[in-house]
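The sequence shown begins at 1 in full-length UniProt numbering and counts up one residue at a time.
Where is the CB? At the ideal position from N, CA and C, for every residue including glycine.
This report concerns only the one structure given below.
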Amino acid sequence: MDAVLAAEPPEETVTTSEILGRMHDDQLQAQMIAKLTKGLIDKCTFDQGYISQPVFACLTCLPESSRVQAGFCYGCSMQCHLDHDVIELFEKRDFRCDCGSSKFQGRPQETCTLRPLAKLDEDLVRNKYNHNFYGKYCHCNRPYDEARDTMVQCVRCQDWFHETVACMGIQPPPDAGECQYLCRDCAQACRFLMPYLMGQGVRPCTGEGCTRPIADDGDKMVPNPAGVFLKKEFRSRLCRCEACHKEMSNEFLDFMLESEDAEQDQDEEPAEELSSEFDTSAMLDRALERMPRDAAIDGLMKFKQFSSHIIAGLKDLTKDDPNRLVTKQDIEAIVEGLHESHAKRRRLG
1 MDAVLAAEPP EETVTTSEIL GRMHDDQLQA QMIAKLTKGL IDKCTFDQGY
51 ISQPVFACLT CLPESSRVQA GFCYGCSMQC HLDHDVIELF EKRDFRCDCG
101 SSKFQGRPQE TCTLRPLAKL DEDLVRNKYN HNFYGKYCHC NRPYDEARDT
151 MVQCVRCQDW FHETVACMGI QPPPDAGECQ YLCRDCAQAC RFLMPYLMGQ
201 GVRPCTGEGC TRPIADDGDK MVPNPAGVFL KKEFRSRLCR CEACHKEMSN
251 EFLDFMLESE DAEQDQDEEP AEELSSEFDT SAMLDRALER MPRDAAIDGL
301 MKFKQFSSHI IAGLKDLTKD DPNRLVTKQD IEAIVEGLHE SHAKRRRLG
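Here it is as structure tokens:
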């Protein structure tokens, strides 16, 4: 006997077989993907301003030889650049979608299909770019090799670095996965953090309300040319007085004054529903027609893996008790588990 899904209100139930059958429904699949990526598949994020969001770059429109850098949101990656050579840069802070700006004039995709009439150059001055937008990473300036490389992201510049002594200048600790990484360039550029990072030869500041340590030798304090793994409790040690807050802001460190719980809450905001006009089948058909055969097969395989995870999760819930009620929270937990697994791979390679 099939288990049932307890919805709201309680009398509206769906059998497990119906749930599995609906896995083939394009709209449901697209909504699940939107939740998984915590982005919108049919909306551009430009109107949201400068936000933390997954960012993508297009090497078809802007290869390294163009000497132009631009990034765009998840929706634009699926709608405007779906059949292009797109690289995922993962989370970037304070970034506004570039799609359709003057940077794309004369390129294969000149306009944003989600905002075709918008003038997008009105305010893009705060976006920050690096060699990641050309598919290059780390001090060694190499592409990412998924089969060989394990990489971690610098919490400040958000570049990605190979988890090796040669690239980091330091042996990653056993609990590296629980730490935040600060690359060697950022560690040396942030004079505010130096007393915290050095540990020795420092004394408490005597300023009223300030708890920041001060180096005994002042400006002579220079850290080793190596990256630093910051423990979870590091942020709680930072002074939050007005003067220190201003100095941290000047060094682009003010994000460290936000609680990690607040950042997590922001990440966990639910994805909106897709618009009723959105046609997933048309989008996928258009992409598959224009994609090279190998790329199309790879995309379909990844989509199948996602569906298989949901189906396996449903079966696992009911394997011991076929009559067990499956709640909406159970379904959300299955999708969230896949998201957490995906996020871990992003962080550690």
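DSSP state of residue i mapped onto helix, strand, coil
i      : result
Arg96  : coil
Arg142 : strand
Val228 : strand
Tyr137 : strand
Gln264 : Here the model assigns Gln264 a pLDDT of 49, short of 50, so the residue's position is not dependable, and the following value carries that caveat. The answer is helix: DSSP assigns Gln264 an H, G or I state.
Gly313 : helix
Asp320 : coil
Phe278 : Its pLDDT being 48, under 50, Phe278 is placed unreliably in this model, and the value from its coordinates should be taken loosely. Coil.
Asn130 : coil
Gln79  : helix
Ser102 : helix
Glu233 : coil
Ile334 : helix
Leu62  : coil
Supposed close pair residue i, residue j - CB separation, criterion 8 Å
i      : j      : result
Ala57  : Ser101 : Not quite, the Cβ-Cβ distance comes to about 13 Å (not below 8 Å), so this is no contact.
Val228 : Ala189 : Actually they are not in contact, since the Cβ atoms of Val228 and Ala189 sit about 12 Å apart, beyond 8 Å.
Arg96  : Tyr129 : That pair is no contact at about 12 Å.
Leu197 : Cys154 : Not quite, the Cβ-Cβ distance comes to about 14 Å (not below 8 Å), so this is no contact.
Cys179 : Leu253 : Actually they are not in contact, since the Cβ atoms of Cys179 and Leu253 sit about 17 Å apart, beyond 8 Å.
Pro167 : Cys138 : Strictly speaking, residue 167 in this sequence is Cys, with Pro absent from that position. About 5 Å; that satisfies the 8 Å criterion.
Asp159 : Arg126 : The pair is not a contact, with the Cβ atoms about 18 Å apart (cut-off 8 Å).
Ala226 : Gly135 : Wrong, their Cβ atoms sit about 26 Å apart, outside the cutoff.
Beta-bridge partners of residue i, as assigned by DSSP
i     : result
Ala57 : Ile87
Ile51 : Phe95
Phe72 : Phe56
- Complete beta strand (DSSP E) runs within the stretch 150-210 (minimum length 3 residues, chain order): For the stretch 150-210, the full-length beta strand (DSSP E) segments reaching 3 residues or more read 151-153, 160-162, 180-182 and 202-204 along the chain.
- Can we say the stretch 73-83 touches the stretch 106-118, given the rule of at least three CB pairs closer than 8 Å? Output reads yes: the stretch 106-118 touches the stretch 73-83.
- Query: Taking one C-beta from the stretch 79-95 and one from the stretch 54-68 each time, how about it: are there three or more such pairs within less than 8 Å?
  - Reply: With the cut-off at 8 Å, the stretch 79-95 and the stretch 54-68 touch.
- Query: Is it a yes or a no for the stretch 165-175 touching the stretch 240-258, going by three-plus beta-carbon pairs under 8 Å?
  - Reply: Touching, no, given that fewer than three Cβ pairs across the two stretches are closer than 8 Å.
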